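Protein chains: 2
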Amino acid sequence: MNTRFAVATHILAYLAHSKGQPVSSEVLASSAGTHPVVVRRLMGNLRDAGLVQSQRGAGGGTILARPAAEISLLDVFRAAQEGEPDLFSVNSTNPNENCDLGRVMQETLEGVLGNAIAAMRASLAAVSVEQVMQELAARRPNHCPKAFE
Amino acid sequence: MNTRFAVATHILAYLAHSKGQPVSSEVLASSAGTHPVVVRRLMGNLRDAGLVQSQRGAGGGTILARPAAEISLLDVFRAAQEGEPDLFSVNSTNPNENCDLGRVMQETLEGVLGNAIAAMRASLAAVSVEQVMQELAARRPNHCPKAFE
DNA sequence: TACATTTGTAACAGATTCTGTTACGTATTC
DNA sequence: GAATACGTAACAGAATCTGTTACAAATGTA
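If you read the sequences in order, they're chains A and B.
Per our numbering, the very first residue in the first sequence carries number 104; after that it's consecutive.
Per our numbering, the very first residue in the second sequence carries number 104; after that it's consecutive.
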């Protein structure tokens, strides 16, 4: 699993914490331990998914497009992985041989994994960004004022 | 997800089908659509996990080390990914800054995903290699004699 | 014994992916 | 008009994955 999901969740939890106040990509990148362009790149996905709104120019930045309680981690996961190869797909080799055993194998495995994938999605859908933000705040009482305040 | 899981399942289903008869890496590779060395490399993992037994020399090859009904896809998954970075781990950046927000975030996300991962493992554990082999056989009545017989 | 077969393993190339970084145009505020 | 901040393209370095070659070791057979 790439870092997109963790960074996106980090960003959204931060935005949930600074209610309404636009946050710049530089501040978010500093908190998430990455580069501002990486944040802005991810932000494109979150914006397309309707999770955040950005504003250019001095004093600009990004805010949540809807209440943090109404953004699930499944929303975040889908937005972060949008346009990427499906993380849950069963990769097989076996291109277009004269035999379709590869395809049947892939379908069989996908059928086997179907229930597990649905369970994972349901688990992500049951947790909101606000819950994550509150758990983070609870677990770090007075640390790192620069990173998450 | 890399192709190891699919190839390993393919190999074991094949071995389950050719009961007791050793199968060479060349035949397995031809069926799985990959290279014999790839099969032998994977076979090292399956051997270490106690799922197969190999024999060198003329007439050698690989056989299942225990009945196919007693090998779950969770066994296969674990063996195939052994030594690889954990597929379910939440990768975050944030090395060793003065602040441990990255670690707390990772722990929080891993806590959130814990139930989903457990559900996925349970789903894999509930399916045996024999079931996969039978489903494959049922879904391809008379095709590809060279690939799976 | 000599030889063919097959595994075990190391080493490397090519492709792909991911992250970080630089660069620059555009929009917005003061 | 200047400073700020986003949006996006482009590229480099690292890492990963798969396929491939090469070769030693083991095993069965003539």
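Don't be surprised by glycine CBs; every beta carbon is placed ideally from N, CA and C.
Every value quoted in this text rests on a predicted model; they were computed, and no experiment measured them.
First through last residue of the beta strand (DSSP E) which encompasses residue i
i, result
"Val112 of chain B", "Looking at the sequence provided, one finds Thr at residue 112 of chain B rather than Val. Run containing Thr112 of chain B: none in the beta strand (DSSP E); it sits in the alpha helix (DSSP H), Arg107 to His120."
Exposure of residue i, with buried meaning 16 or more beta-carbon neighbours within 10 Å
i, result
"Asn105 of chain A", "exposed"
"Asn201 of chain A", "The predicted model places Asn201 of chain A with a pLDDT of 49, which falls under 50 and marks its position as unreliable, so this point remains unresolved."
"Val155 of chain A", "buried"
"Gly136 of chain B", "buried"
"Leu140 of chain A", "A quick correction: the sequence has Val, not Leu, at residue 140 of chain A. Burial call: exposed."
"Arg159 of chain A", "exposed"
"Ala228 of chain B", "exposed"
"Ala119 of chain B", "buried"
"Gly153 of chain B", "exposed"
"Ala161 of chain B", "exposed"
"Gly164 of chain A", "buried"
"Gln124 of chain A", "exposed"
In DSSP terms, what residue i is bridged to
i, result
"Thr165 of chain B", "B:Val126 and B:Ser157"
"Ser231 of chain A", "A:Ser175"
Proximity to residue i [Cα-Cα], best of the options
i, options, result
"Asn218 of chain B", "A:Gly214, A:Ala171 and A:Ala225", "A:Ala225"
"Leu149 of chain B", "B:Ala240, B:His120, B:Val179 and B:Leu131", "B:Val179"
"Gly147 of chain B", "B:Lys122, B:Ile114 and B:Ala171", "B:Ile114"
"Asp151 of chain B", "B:His120, B:Glu173 and B:Glu185", "B:Glu185"
"Ala111 of chain A", "B:Met236, B:Ala116, B:Met208 and B:Gln237", "B:Met208"
"Ala132 of chain A", "A:Met223, A:Gly123 and A:Ala109", "A:Ala109"
"Pro170 of chain B", "B:Ser231, B:Glu213 and B:Ser157", "B:Ser231"
"Arg181 of chain A", "A:Leu212, A:Ser134, A:Met236 and A:Met223", "A:Met223"
"Val142 of chain B", "B:Tyr117, B:Glu238 and B:Glu233", "B:Tyr117"
"Leu239 of chain A", "B:Glu210, B:Val235 and B:Ala241", "B:Glu210"
"Leu216 of chain B", "A:Ser127, A:Ala172, A:Leu177 and A:Arg144", "A:Leu177"
Span of the alpha helix (DSSP H) around residue i
i, result
"Asp151 of chain B", "Pro139 to Asp151"
Which of helix, strand or coil DSSP assigns to residue i
i, result
"Glu238 of chain A", "helix"
"Glu185 of chain A", "coil"
"Gly214 of chain B", "helix"
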